[in-house]
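For the protein sequence lines, the chains are A and B, in the order given.
The first sequence begins at 1360 in the numbering used here and counts up one residue at a time.
The second sequence begins at 1360 in the numbering used here and counts up one residue at a time.
Quick reminder that beta carbons are idealized off the backbone N, C-alpha and C, glycines included.
None of the values given here were measured: they were computed from a predicted structure.
Protein chains: 2
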Amino acid sequence: MKKFKVGLIRVLTTEDEDILYAHSKFIMEKFPSIEVETKCIPDQYDGINCEELRLLAEPKIIELAKSFKDINMLLISCADDPAVLELKKLLDIPVIGAGEATIALANLYGDKIGVLGITDIPPRAYLAKEDSIIAMRPPKVSSTLDLFTEEGRESAVETALVMKEKGANVLALACTGFATVKMTPILEEKTGLAVIDPLLAMGTCAYFESLRK
Amino acid sequence: MKKFKVGLIRVLTTEDEDILYAHSKFIMEKFPSIEVETKCIPDQYDGINCEELRLLAEPKIIELAKSFKDINMLLISCADDPAVLELKKLLDIPVIGAGEATIALANLYGDKIGVLGITDIPPRAYLAKEDSIIAMRPPKVSSTLDLFTEEGRESAVETALVMKEKGANVLALACTGFATVKMTPILEEKTGLAVIDPLLAMGTCAYFESLRK
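This is the structure in structure tokens:
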């Protein structure tokens, strides 16, 4: 069977192949019929954790997006969905961002969505649901790299529990880094809530598109 | 591998097994790791195509929902999502309706969603997106049964083309009957737009849930 080909853009510059290919590996393991080609933006080692870095990244993302050959779909692997709206207009294939995929699915699980992210202001797709979200940043986490530390991960669990206390009935992760460091099952176990993982959500949307064809 | 077990409620009474099992067959073919058990509500041969019939159906759906044993998830196979909000609160497993699944995914494909349904007022999940939908009922279709006629299907294609003319950049089907009569690929071919099928959308959400576990 011919595989469904997906381009995936990482918005974090890295030379570490384990990190670079973590998202494509995750998606291809979960959806073996999908083949993922990864590219990462240049010169942005901190990823995107503020408006300024998003604006810096967007033209690079658009440039990279145009450089893929023969893909059926493009995934922007960042919960902030940088350049996603522009690319939907620009390309003639479906373009989906991790943030919009996450919130689309989270909305089916609960009416009070706990948004666990790395920024004080949640990404745009989550903010669009502002009447039904509780958004918090773990105090010890302010960049995706902080999720690679024990202290950062403990802080994330504590914050998730606070959101549950405040009434969240589902958790939507607002950074793909949580999946990179495999935190989703831990958060699910500690809170007892369904945790919507941006990579699994985005991969599921790619799988949906592959089945539509 | 143990199959992921899903209960599915049809909101149309039928003794015709081809019709009764059309939805479960569709989902199990697309997602072989999912096992679907179907039940249909009693004494409602016209399905749901108005508020009155929805109100009549809802207590029957809740009753049926409680009668499933050992399921991991419940799907309400109707774009109107009857009793879905109530069941989400009542049951301790995820409950997803075909309408909310469809609109969640359609929203990722376009910002002007053509809603093709069988009622003058679109189902609630679609109405919730009222700023970004164009909703039309094909003139020759006023019940899911009309989709079983050639005249009804032609009318649906014509209406889809009118919505595209009006600016729709994705089509969201607002009745599972379109999938029952296999109209999705026809609509896609005739309009050139992505067509979001309620059964495939709902099946995809069930698959997402099965992967989360």
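Element boundaries [alpha helix (DSSP H), containing residue i]
{"i": "Gly1562(B)", "result": "Pro1557 to Arg1571"}
{"i": "Val1500(A)", "result": "Taken as a continuous stretch (DSSP letters only), Val1500(A) belongs to no alpha helix (DSSP H), as it is neither H nor E."}
{"i": "Ile1421(B)", "result": "Glu1410 to Ser1426"}
{"i": "Ile1545(B)", "result": "Thr1543 to Thr1550"}
{"i": "Ile1378(A)", "result": "Glu1376 to Leu1379"}
{"i": "Gly1526(B)", "result": "That residue, Gly1526(B), is in no alpha helix (DSSP H); it is neither H nor E in DSSP."}
{"i": "Gly1536(A)", "result": "Gly1536 to Thr1539"}
Residue-level contact to chain A via CB, residue i, 8 angstroms cutoff
{"i": "Ala1438(B)", "result": "no"}
{"i": "Lys1567(B)", "result": "Note that residue 1567(B) is Phe in the sequence shown, not Lys. Yes, Phe1567(B) lies at the interface with chain A (some Cβ there is under 8 angstroms from its Cβ)."}
{"i": "Leu1559(B)", "result": "yes"}
{"i": "Lys1361(B)", "result": "no"}
{"i": "Ala1463(B)", "result": "yes"}
{"i": "Asn1408(B)", "result": "no"}
{"i": "Thr1550(B)", "result": "no"}
{"i": "Thr1563(B)", "result": "yes"}
C-beta neighbour in chain B for residue i, strict 8 angstroms
{"i": "Glu1459(A)", "result": "yes"}
{"i": "Arg1571(A)", "result": "yes"}
{"i": "Cys1534(A)", "result": "no"}
{"i": "Ile1393(A)", "result": "no"}
{"i": "Lys1455(A)", "result": "According to the sequence provided, residue 1455(A) is Ile. The question's Lys does not apply to it. Cβ-Cβ to chain B under 8 angstroms: yes for Ile1455(A)."}
{"i": "Asn1431(A)", "result": "no"}
{"i": "Lys1389(A)", "result": "yes"}
{"i": "Thr1467(A)", "result": "Before going further, note that residue 1467(A) is Leu rather than Thr in the sequence given. Yes, because at least one Cβ of chain B sits closer than 8 angstroms to the Cβ of Leu1467(A)."}
{"i": "Thr1539(A)", "result": "no"}
Which residues DSSP lists as bridging residue i, in chain order
{"i": "Met1387(A)", "result": "Met1387(A) pairs with nothing; no bridge assigned."}
{"i": "Arg1369(B)", "result": "Cys1399(B)"}
{"i": "Glu1394(A)", "result": "Lys1364(A)"}
{"i": "Ala1531(A)", "result": "Val1474(A) and Ile1555(A)"}
{"i": "Leu1433(A)", "result": "Gly1366(A) and Val1454(A)"}
Status (buried if at least 16 other CB within 10 Å, exposed otherwise) for residue i
{"i": "Thr1550(A)", "result": "buried"}
{"i": "Phe1363(B)", "result": "buried"}
{"i": "Thr1518(A)", "result": "buried"}
{"i": "Asp1490(B)", "result": "exposed"}
{"i": "Ile1477(A)", "result": "buried"}
{"i": "Thr1535(A)", "result": "buried"}
{"i": "Ile1480(A)", "result": "exposed"}
{"i": "Glu1422(A)", "result": "exposed"}
{"i": "Gly1526(A)", "result": "exposed"}
{"i": "Ser1392(B)", "result": "exposed"}
{"i": "Thr1508(A)", "result": "exposed"}
{"i": "Tyr1404(B)", "result": "exposed"}
{"i": "Glu1411(B)", "result": "exposed"}
{"i": "Ser1436(A)", "result": "buried"}
{"i": "Leu1559(A)", "result": "buried"}
{"i": "Lys1361(A)", "result": "exposed"}
{"i": "Glu1568(B)", "result": "buried"}
{"i": "Glu1459(B)", "result": "buried"}
{"i": "Leu1449(B)", "result": "exposed"}
{"i": "Asp1440(A)", "result": "buried"}
{"i": "Asp1505(A)", "result": "buried"}
{"i": "Pro1498(B)", "result": "exposed"}
{"i": "Asp1556(B)", "result": "buried"}
Residue i CB to nearest heavy atom of the ligand ADP below 7 angstroms
{"i": "Phe1385(A)", "result": "Annotation note on the ligand ADP: not contained in the displayed structure, which lists no ligands."}
Could you name the residues of the segment 1469-1500 of chain A whose beta carbon sits closer than 9 angstroms to any beta carbon of chain C, in the order they occur along the chain?
Judged by its chain identifiers, the structure shown contains no chain C, and its protein chains are A and B.
At which residue ranges does the segment 1445-1516 of chain A contain complete beta strand (DSSP E) runs of 3 or more residues, listed in the order of the chain?
Entirely contained in the segment 1445-1516 of chain A, the beta strand (DSSP E) runs reaching 3 residues are, in chain order, 1454-1456, 1472-1475 and 1492-1495.
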